[in-house]
Amino acid sequence: MQGKYILLVLILLLLTVVPSGATTTKIVAGAPVFVGESDVDLTRALDNCRIIGWVPNGSSPTMPAAKNITLRPLNEFSSVLAKYTFSPAEYSGYEGAWYCEERAPYKTVFVVKEPQLKIRVWDIDADMDVTGTTIPATANVTYRIDTNMDTALHLKYRLDLTPADGFYTVKLTDPNGKSVTNIYTGSYGNPGTVIQTLDTNPYITSSPYTWNFWKAGGKWDHLARNIQGDFVYPMGTYRFTVSQNLNRMA
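Here our numbering = 1-based position in the sequence shown + 78.
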């Protein structure tokens, strides 16, 4: 039997508002940050800087800023800077380096980026994207994530990170809308069969990220049968979804 499977992808960039680990909020000078992040602690990055400025990419920071923001009044403390929001209204369209404008040398405080996130179905043997296509039951596939938010989990930018600070969620559903949590490399009871748990919370520090489950025991067997002898994976359309919740991004 050569069943046919259609593997689709649904991208959910801003699905949740549940905060990721608190240690992703603390950045150092020069750290990439993302439009929509909130509760970000700028204390170390600012080093008492009060006015920040932006110039277009490729321009010298010594030029007059095309946009500047006064973060706090002169000689006043602001608790907001320990829980700062990179609002789309303030930062969309102003991606790139922001400098401390009030004193030379003009050091980079942070680098603003628009978040990018994409998940694909990846054919391991052919090394190609098969998202949205019909594949044979023998196809050796996994998921691949492309994102620019991998830098949010770099220790050189966010020094207090822990392994609990991952903020991605991957889900796989079958043609009946049922969640798929186990990947069988063969039928139940067969010698050599490995049942892998779907990596639903990848900790992504480089992009692209590919879930390399096959390295631990073979490829996904779409024709695998369970202990009752039924097919584990009915033929039809399967959907991968990815979401992220970096610092209550909204």
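C-beta atoms are modelled at their ideal positions from N, C-alpha and C, and glycine is treated no differently.
On a predicted model such as this, the values are computed, not experimentally measured, just so you know.
Spatial distance of residue i from residue j (CA atoms)
i	j	result
L21	L301	Past the boundaries of the shown model lies residue 21; the chain is included only from 79 to 328, so the question cannot be answered.
T101	T240	7 Å
F309	D299	10 Å
S98	Y172	Bear in mind that a pLDDT of 46 at S98, under 50, signals an unreliable position, so the model cannot answer this.
A230	K256	32 Å
T103	N126	18 Å
T271	T263	5 Å
T212	S165	41 Å
V248	R128	39 Å
G267	Q306	11 Å
R198	R181	45 Å
D203	V219	8 Å
L152	E179	14 Å
W132	F245	28 Å
K297	P134	47 Å
T94	Q274	For T94, the predicted model reports a pLDDT of 38, less than 50, meaning its position is unreliable and no value from the coordinates is stated.
S116	R326	6 Å
T140	A242	40 Å
K185	I223	33 Å
P214	G136	48 Å
M206	Y162	40 Å
Y281	P269	31 Å
M313	Y235	45 Å
W200	Q322	20 Å
L276	T148	46 Å
I130	N146	6 Å
T319	N304	25 Å
L324	P286	18 Å
H232	G108	12 Å
L91	A167	Confidence in L91 is poor, its pLDDT being 39 and thus under 50, which makes the residue's placement too unreliable to answer from.
G114	S170	9 Å
Residue i in three-state terms, based on DSSP
i	result
D238	coil
M206	strand
R303	strand
A230	helix
R198	strand
T216	coil
A123	helix
One or two residues paired with residue i in a DSSP bridge
i	result
F245	Answer is none; F245 lacks a bridge partner.
F291	In the DSSP output, where bridge partners are listed per residue, F291 has none listed.
Q322	Y246
K256	K256 pairs with nothing; no bridge assigned.
T186	Y177
Could you tell me whether the segment 153-162 touches the segment 183-193, where touching means 3 or more Cβ pairs closer than 8 Å?
Counting C-beta pairs with one atom in each stretch, the segment 153-162 and the segment 183-193 have fewer than three that are closer than 8 Å, which means they do not touch.
In the segment 128-169, which residue ranges form an unbroken alpha helix (DSSP H) of at least 4 residues, counting only runs that do not cross its ends?
Runs of the alpha helix (DSSP H) inside the segment 128-169: 166-169.
Going along the chain, which unbroken runs of the alpha helix (DSSP H) with 4 or more residues stay wholly within the segment 259-286?
Segments of the alpha helix (DSSP H) lying fully in the segment 259-286: there are none.
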